[in-house]
Structures are given as C-alpha cells and as structure tokens.
Amino acid sequence: MRVQLIGTRTSGLRVLLVEDNIILGEAVRDHVAAADHAVDWMKTLEDARVSLRTVTYGLILLDLRLPDGSGIALLRELRAAGTATPVIILTAHDQISDRIEGLNSGADDYLVKPFDLGELSARMLAVIRRYGGNISPVIHVGEVKISPVDRRVFAGDEEIGLSGREWAVLDTLLARPGAIISKAQIEEALYAFGSEIESNTVEVYVSRLRKKLGRDHVVTVRGVGYKIGAPA
11 MRVQLIGTRT
21 SGLRVLLVED
31 NIILGEAVRD
41 HVAAADHAVD
51 WMKTLEDARV
61 SLRTVTYGLI
71 LLDLRLPDGS
81 GIALLRELRA
91 AGTATPVIIL
101 TAHDQISDRI
111 EGLNSGADDY
121 LVKPFDLGEL
131 SARMLAVIRR
141 YGGNISPVIH
151 VGEVKISPVD
161 RRVFAGDEEI
171 GLSGREWAVL
181 DTLLARPGAI
191 ISKAQIEEAL
201 YAFGSEIESN
211 TVEVYVSRLR
221 KKLGRDHVVT
231 VRGVGYKIGA
241 PA
C-alpha cells in the first residue's frame, strides 16, 4: 500500500508545549486547549525529543531555559533535520541578542515572559497564517486521506470522525508511516493525551481505527507492534 504526501490547510492544531514552570505551563496549556487545540506539555528537552519522535505537531511553544539545557539546542536540532514545524519561543530572556539568536536559529516568533495569553493566541494565529496553511502534509493510505494538523480523515468524499484518543493513536502511527510502532510507544502517546491506560487500551483503539479506516490500513506485526500500511 502506497503512502503519499501532499499539501493541506490547517485549522485545529496539536501543539507541543515545552515549559518547566508549572504555573505558567498550566495557564498556557489550559488557554490553548480552550481554543480547541490538543496540547502535549513536556517539562524537559529530553521529554520533548521523545514526544517529537512519535507525534506530528502543528506548532511548538518552546521555553529557552529548561532543567536539562537550552531550548535553542532543540530548535537547532529540528531545523538541521529539516523539520519546518513553526516554533514560538517563550522566555524570560529579554535581551535583544537573545531574541536575535532565537530567530536566527529558526524560531518563527518570540514572546517575553510575562505575557498576556491573548497576545499568545494572536501570535499563534499570525504564525499559522504566515505559513499559508502549509504546516503539515496530507497523508494518503490507500483510498484514505488523512490531514494530521486539520485532524480530518476522508474515505473518498466521506469524512470519518475520530475521537481525541483515536487521533492520539493515529498520530503516533503516522509519525513514521510504514514503520513498526511498539505498543509501549502508543501507550506513551495516550498517557500524554490525558487518557487512563489499561492492559488492553491500545488494542481497543487500534480495533476502533480499523473499523473506521479499514482493517488493512492498520497492520499488526505480531509480537512487535503496529504500523500504517499493507501487511508484509
């Protein structure tokens, strides 16, 4: 089964928030989630790296001063790898030189703490508009068309509705189309999405995806994990 990518528009986003300040992190997470975006909140660079390996994001909100290093390092890694996901830096550093370094490293915008949450919303909208809606690809799996950022799925002309937890599983599989994703990786994505995990949770949501997308589109590799695509 061929997996094909083409351009798309964006509406709702899955946002990665990288911020170790609990009070600010909670405020930003709740504010962004209230605007119907899905938010994964990570408090260290390492946790952010792990999440980025398994989840497709439409926007990253990135603190610079984190317990295990500078957010600039993560930003440079993303740009060096060719990742075009827009990044807004959130930081207490208010020196012009710091702002220049962030922008030169590939940031799309910069907010100095403390900031108004309304301004954050405006900056997010401006960045999304700047990208002209071309933040993430549409993925074709057989006759099914999936837009991860729009969070929309079509089989032919019919739109298929997915729950937030179903999207968490699908996002994880789509992060590496055709590659085998372990059950533990999918469980981690469900934890990040605020779901309680039981021993059969992954199997339940994989089964639901198969019913909606088609059984052949989510393949079990026995004893290893799952993948998007056709059986070997």
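So the mapping is simple: this note's numbering equals the position in the sequence shown, first residue as 1, plus 10. Ideal Cβ placement from N, Cα and C applies to all residues, glycine included.
- By the CB criterion at 8 Å, V179 and Y201 fall outside the cutoff.
- Non-local C-beta neighbours of E56 in its own chain, meaning closer than 8 Å and more than five positions away in sequence, comprise D78, ordered along the chain.
- I82 is a Cβ neighbour of S115, given a cutoff of 8 Å.
- As computed with DSSP, L27 is found in a beta bridge with W51 and L71.
- Membership of G152 in any beta strand (DSSP E) is not indicated, and neither H nor E is assigned to it by DSSP.
- Straight through space, the alpha carbons of D181 and V212 are spaced by roughly 13 Å.
- The shortest CA-to-CA distance from V163 to any of N210, H227 and L27 is the one to H227.
- Here the alpha carbons of A199 and T64 stand approximately 8 Å from one another.
- For T54, the closest alpha carbon among the candidates L84, G68 and I99 is that of L84.
- Judged by pairs of C-beta atoms under 8 Å, the region 188 to 197 does not touch the region 116 to 124, as fewer than three such pairs exist.
- Assignment of D119 by DSSP, reduced to helix, strand and coil, places it in the strand class.
- In the DSSP secondary-structure assignment, E169 is bridged to F164.
- In the DSSP assignment, the residues bridged to S80 are R75.
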